[in-house]
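Novice:
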Amino acid sequence: MLNDFLKLFDFTQDEIQREAPRFARAFEICGITDIDIERGIRRLDEYFEMKLKGVRGVLAATLLAFNSHILAKEDGAEKIVYGEWPLPPQIMSAACNVAPPTVFLGAPTQLINVVLGQVFGKVAPITSAGEGCGQPAGNAHCALYQTFLGAIELGIIPKPDLLLASGFWCDPPSEAAEILHSLYGIPILYCDGNADSPWNYWPKAWERQVRYFGYQIEKMVDDLGDFIGVEISDEAKRKTIKANAALVYNQQKISNILAVADPQPISHVSAALGNWLYNIPLSPEVHARAVNGLATLVDEIEERVKKGKGIGEKGAPRVYFSIAGLTDPSIISMVEQTGMNVTNIFFQLYPPRALYRTEYKGFGHKVAMSYQKGGPFVGSFGLIEFVKDYVNMCNLDGVIYSFSYSCKGYSTPAQMVKKDVEKEFGIPTLVLEGDIYDSRNYSAEQMRTRVETFAEILREAKRAAA
Amino acid sequence: MKSIEGIMTHLKRNRALELREAKKSGKKIVGYPPGNWVPEELIYAAGAVPVCLLRGGNPEAVAISAAYIPRFIDTFCRSQIGYYALGEDPFYQMLDLFIAPCTDRNQSSIGDCFAYFTDIDVLHVGIPHNKEQAALDFYADGLRMIIEKIEALTGNKVTDDKLKGNIELYNRIRAGLREVSVTRKSPAPPISGKEFVRLNHASYLLDPSFYAAKLDDVKSELSETEAPDKSPRILLTASTLALGDHKVMDLTEETGAGIVIEEIPEGVRNYWHDVELDGDPVVRLAESYLGKKTPPAYFKPSVGRIDAIVKLAEEFNVDGILWYQLMYRESYDIQAFYFGKIVKEKLGIPFLELQSDYDVSETGAFRTRIETFVEMAASR
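Residue numbers (the numbering used here), protein chains in the order written: chain A, 1195 to 1660; chain B, 18 to 397.
1. Starting from H218 of chain B, trace the alpha helix (DSSP H) in both directions and tell me its first and last residue.
2. Name, in chain order, the residues that DSSP records as bridge partners for E279 of chain B.
3. K40 of chain B to F108 of chain B, Cα distance in whole Å?
4. Using only alpha-carbon positions, find the residue among B:S396, B:T200, B:R386 that is nearest to Q427 of chain B.
5. Check whether the Cβ of A132 of chain B lies closer than 7 Å to any Cβ atom in chain A.
6. Would you kindly work out how many angstroms separate the C-alpha atoms of I184 of chain B and L364 of chain B, rounded to a whole number?
7. What does the Cβ neighbour count give for K1431 of chain A, buried or exposed, with the cut at 16 atoms within 10 Å?
8. Is the Cβ of E1701 of chain A closer than 7 Å to any Cβ of chain B?
9. According to DSSP, is N188 of chain B helix, strand or coil?
10. Which same chain residues, not among the five before or five after V214 of chain B, have their C-beta less than 7 Å away from its C-beta?
11. In whole angstroms, what separates the C-alpha of K317 of chain B from that of F1362 of chain A?
12. Answer with yes or no whether the minimum CB distance from W1393 of chain A to chain B is below 7 Å.
13. Classify I1229 of chain A: buried if its beta carbon has 16 or more other beta carbons within 10 angstroms, exposed otherwise.
14. Using the three-state DSSP reduction, which class does Y1472 of chain A fall into: helix, strand or coil?
15. Taking C-alpha atoms, which residue in B:V235, B:T26, B:S240 lies nearest to S20 of chain B?
16. Can you tell me the Cα-Cα spacing of N1394 of chain A and L140 of chain B, whole angstroms?
17. Report, in whole angstroms, the separation of the C-beta atoms of Y1345 of chain A and S125 of chain B, which I expect to be a contact under 8 Å.
18. Report the start-end ranges of each beta strand (DSSP E) in the region 1412-1462 of chain A that is 3 residues or longer and not cut off at the edges.
19. Verify the CB distance criterion: does C119 of chain B have a CB-CB separation below 7 Å to chain A?
20. Compile a chain-ordered list of the residues in the region 1564-1591 of chain A whose CB is closer than 9 Å to at least one CB of chain B.
21. Got a sec: which bits of the region 349-362 of chain B sit with their beta carbon under 7 Å from any beta carbon on chain A, in order along the chain?
22. Considering only the alpha carbon of each residue, which of A:Y1384, A:F1541, A:T1296, A:P1319 lies closest to E1268 of chain A?
23. Cutting at 6 Å between CB atoms, please list the residues of its own chain near T1303 of chain A, excluding the five before and the five after it.
24. Does the CB of I90 of chain B have a neighbour CB from chain A at under 7 Å?
25. Write down the C-beta distance between P1354 of chain A and I1274 of chain A rounded to the nearest angstrom, noting that I regard them as a contact closer than 8 Å.
26. Would you decide whether K264 of chain B is buried or exposed? Buried here means 16 or more other CB atoms lie within 10 Å of its CB.
27. Strictly below 7 Å CB to CB, what residues from chain B border H1559 of chain A?
28. Count the other CB atoms within 10 Å of the CB of E1144 of chain A; is the residue buried (16 or more) or exposed (fewer)?
29. Does the separation of the CB atoms of R1281 of chain A and L1358 of chain A fall below 7 Å?
30. So the candidates are B:I60, B:P76, B:G23, B:E168; which of them puts its Cα closest to the Cα of S378 of chain B?
31. Is Y1599 of chain A close to chain B, meaning its C-beta is less than 7 Å from at least one C-beta of that chain?
32. For chain B, check one thing: does any of its Cβ atoms lie closer than 7 Å to the Cβ of C1364 of chain A?
33. Can you tell me whether Q97 of chain B is helix, strand or coil according to DSSP?
34. Apart from the five residues just before and just after L1624 of chain A, which ones in its own chain have a Cβ nearer than 6 Å to its Cβ?
35. Can you tell which of B:T380, B:K148, B:P206, B:E293 has its C-alpha closest to the C-alpha of M18 of chain B?
36. Compare the Cα-Cα distances from A1638 of chain A to each of A:S1596, A:K1656, A:F1575, A:K1602 and report the closest residue.
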């Protein structure tokens, strides 16, 4: 069964021979049985466009990265460091460039979400275990961090020797780190910051924040270097900015094609796969595989657009859907099945006015600056403006602002988005409660009635306008 | 206590009228949320009047907030736009500027709601989450932003002399509150926890000169008060304890137990430290309001708060710790998870965690749990 599974991802025979025992061991640790693999194969067929080489390539990179996290200790890592989203990935990637082989730096939870969630549909028990570690159900704790703690508690990923936590965008990363510190005494490095950009300020950068956050990034890099026993050189930092840009560039290309395509050429379940990789430090081999996979996917999607092929009908109502469903592909799939053209999801598509060049030179300031451009990262105003830019960029007929209920950064502006979009553009906006990392309370079936009705409203509006 | 009732009556009957008159005569009113991040000294030094928006406890304000903000935000923070929308509290309706400290995502949402749904000018000010030098500099920079903004609003220049004068006045208030608070170290505290919290709340809204004078009356009444021993002695810690949110204090004191000390980052003025008067007053304010403060749960690391609570419990010889938090304030929820264990290990006293959404239906369950907790604390 495992070999049948691995054959789906274009691994060569040599690779299968080399990797199969590692997959077997990683799956054993995660409790993935043959029955789960069978279900995984079915889910891949149902939700992912496995006929596209690019999708297979990106999934292969994801699976290899997943294995390296699960097996880090068994692979001989003596020091394990974790830093989860939204910690700037460049910090750990820069360290990876110079770290000795006995140091492992990783961000395991997004990989767990994609592999154990999207592919195998088995992430809920891990999230549940995290609820037992100081983040109880019903209190709106972030499921990303519940899963992170659950995975450590269940022994799915090895306990880290150091945690990197951030506080510039949201509170759970540092809070979860504090729990781990209290349970296991794991030391923590904090990267502080804030989202205090003045209202009406974005896309301009808030200088005081660039300075403070930039300093915090540099400080974390230095402290991390001390921990792993190697100075993280300027060259290592330059290299990581370049490497990260290669992934972002290709993923942005995909987002830009989908933003204007008619019909929608590919499901966002497949199109978004690259998004989840650029927050994770990848080995050079896996990084190369991911970049190649994404580049291939760009070509394949362009080819479909040229031929006018798509997953829905041409002329379907165009809609932005703000949640990604990182653990559960059935949610996006359900929205697409209602016959709407989902032009973009989440906040991955950067509006042109956020893509200006700046004069910042240092690594910390450059990285901090990139976060200033990302609308939601500077506060509610930036988020609202992002969505409003999408209306024009994607020629939208409607907006579904589905917010992750436990994510305060995304939930606070929900009514503001609705009010602004409806007032300024006169298009319907549906606000939906959801969860990007946990579909136990917000399943596709629960959302279906409201989404189908919304789709019908948009179709009627289009018919009337015609 | 008569003197405290007098202060509260003045607050209720006269303060809003005083502020209306002040506004008519051209004074600017500057609002801010509780949390002790916005030094009133700065606002008075610019010739404006600070008003802390610290109403809470009303389920109606929570219910109406649902039209503006999703449910899964801290109850107090959510209810602030509710109080504004209800239009019943005059303090919420008279603001010329709202200073919004961005502490965590919950408090930040208050500023976002005021910025979007009202015509009030909002100044967002980021609060760092530690006390390192870079954080102190960042916070001091934020204080200078506040000064600049209020100077532009009032047309008045904030001078060092004006600032120091106001710091002196607030030091007098802090010292007065400190003096009142420590009387509760006595086995027979002359003032109840609820009375002290109400007195403290009033300091956020009344004219500071008037309030400082009235504090002297309170101290003098206390010196003449004879009270019976209180047992068990309870430490109340909360994420936010708002003006009007008296449920937990009432239920606890109705059992006969005494709340003898509080550790409450939002809703109780920090009175333990004065602001130094030498040097740059903005730097001195930053050192006191950030550097000397007990770190709230959203600080990283937040362990300083745990140590501070343990120290207070020992100093005030308490028999139990009552942990009160509002729904969806995750930093406090997480801290409660490991703090309960620390209380058992270090102090060996009962610990009760209560969560409120300002809902009337909570009262019955709270009463049962508090009564049981008090019995456990009493039987030590």
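Note that the Cβ used here is the ideal one computed from N, Cα and C, for glycine as well.
Specialist: Result, derived from the coordinates:
1. The sequence position of residue 218 of chain B within the second sequence is 201, counting from 1. 210-219 is the extent of the alpha helix (DSSP H) around H218 of chain B.
2. Here the question's residue 279 of chain B lines up with position 262 in the second sequence. Per DSSP, B:L253.
3. For this step, residue 40 of chain B is matched to residue 23 along the second sequence. For this step, residue 108 of chain B is matched to residue 91 along the second sequence. Their Cα atoms are separated by approximately 12 Å.
4. As displayed, chain B neither begins before 18 nor continues past 397, which places residue 427 of chain B out of reach and without an answer.
5. By one-based count along the second sequence, residue 132 of chain B stands at place 115. Yes - at least one Cβ of chain A is within 7 Å of the one on A132 of chain B.
6. As a first step, residue 184 of chain B is located in the second sequence; it is residue number 167 there, counting from the start. As a first step, residue 364 of chain B is located in the second sequence; it is residue number 347 there, counting from the start. One C-alpha to the other measures close to 37 Å.
7. As a position in the first sequence, residue 1431 of chain A is number 237, starting the count at 1. Burial call: buried.
8. No answer is possible for residue 1701 of chain A: the residues shown for chain A start at 1195 and end at 1660.
9. Indexing the second sequence from 1 puts residue 188 of chain B at position 171. N188 of chain B falls in the helix class under three-state DSSP.
10. Position 197 of the second sequence, counted from the start, is the residue given in the question as residue 214 of chain B. So the qualifying residues of the chain are L258, M266, E279, V285.
11. Looking up residue 317 of chain B in the second sequence gives position 300. Looking up residue 1362 of chain A in the first sequence gives position 168. For K317 of chain B and F1362 of chain A, the distance between alpha carbons rounds to 12 Å.
12. Along the first sequence, one-based indexing puts residue 1393 of chain A at 199. Output row for W1393 of chain A: interface = yes.
13. Sequence index remark: in the first sequence, residue 1229 of chain A carries index 35 (1-based). Residue burial annotation: I1229 of chain A is exposed, with fewer than 16 other C-beta atoms found within 10 angstroms of its C-beta.
14. One-based indexing of the first sequence puts residue 1472 of chain A at position 278. Y1472 of chain A falls in the coil class under three-state DSSP.
15. In the second sequence, the residue the question calls residue 20 of chain B occupies position 3. Looking at the Cα atoms, B:V235 is the closest of the given residues.
16. Within the first sequence, the letter at position 200 stands for residue 1394 of chain A. Within the second sequence, the letter at position 123 stands for residue 140 of chain B. Spanning the two alpha carbons is a distance of roughly 11 Å.
17. Within the first sequence, the letter at position 151 stands for residue 1345 of chain A. Within the second sequence, the letter at position 108 stands for residue 125 of chain B. The sequence given here places Ala at residue 1345 of chain A; Tyr does not occur at that position. In fact, because the Cβ distance is near 29 Å, the residues do not count as touching under 8 Å.
18. Within the region 1412-1462 of chain A, no complete beta strand (DSSP E) run reaches 3 residues.
19. Translated into the one-based positions of the second sequence, residue 119 of chain B becomes position 102. At least one chain A Cβ lies under 7 Å of C119 of chain B.
20. G1573, S1574, F1575, I1578
21. D350, I351, F354, Y355
22. Here residue 1268 of chain A corresponds to residue number 74 of the first sequence, with the count starting at 1. With distances taken between Cα atoms, E1268 of chain A lies closest to A:T1296.
23. Position 109 of the first sequence, counted from the first residue, corresponds to residue 1303 of chain A. Correct list, in chain order: E1278, L1338, T1341, F1342.
24. On the second sequence, residue 90 of chain B is found 73 positions in, with the first residue counted as 1. Interface residue, yes.
25. Residue mapping note: residue 1354 of chain A aligns to position 160 of the first sequence, counting from 1. Residue mapping note: residue 1274 of chain A aligns to position 80 of the first sequence, counting from 1. Contact holds; Cβ gap of about 5 Å.
26. Mapped onto the second sequence, residue 264 of chain B falls at position 247. It counts as buried.
27. Locating residue 1559 of chain A in the first sequence gives position 365, counting from the first residue. Those do not exist, as H1559 of chain A stays about 14 Å from chain B at its closest Cβ, beyond 7 Å.
28. Chain A is shown only over 1195 to 1660; residue 1144 of chain A falls outside these bounds and no answer can be derived.
29. Indexing the first sequence from 1 puts residue 1281 of chain A at position 87. Indexing the first sequence from 1 puts residue 1358 of chain A at position 164. Note that residue 1281 of chain A is Leu in the sequence shown, not Arg. Yes, they are a contact pair.
30. As a working note, residue 378 of chain B is residue 361 in the second sequence. Comparing Cα-Cα distances from S378 of chain B to each of B:I60, B:P76, B:G23, B:E168, the minimum goes to B:P76.
31. In the first sequence, residue 1599 of chain A corresponds to position 405, counting from 1. With 7 Å as the cut-off, Y1599 of chain A counts as an interface residue toward chain B.
32. The residue labelled residue 1364 of chain A in the question sits at position 170 within the first sequence. It does; some Cβ of chain B falls within 7 Å.
33. Mapped onto the second sequence, residue 97 of chain B falls at position 80. For Q97 of chain B, the three-state secondary structure derived from DSSP is helix.
34. Indexing the first sequence from 1 puts residue 1624 of chain A at position 430. I1594, F1648, listed in sequence order.
35. On the second sequence, residue 18 of chain B is found 1 positions in, with the first residue counted as 1. Taking only the C-alpha atoms, the option nearest M18 of chain B is B:P206.
36. Position 444 of the first sequence, counted from the first residue, corresponds to residue 1638 of chain A. Checking every option, the nearest Cα to that of A1638 of chain A belongs to A:S1596.
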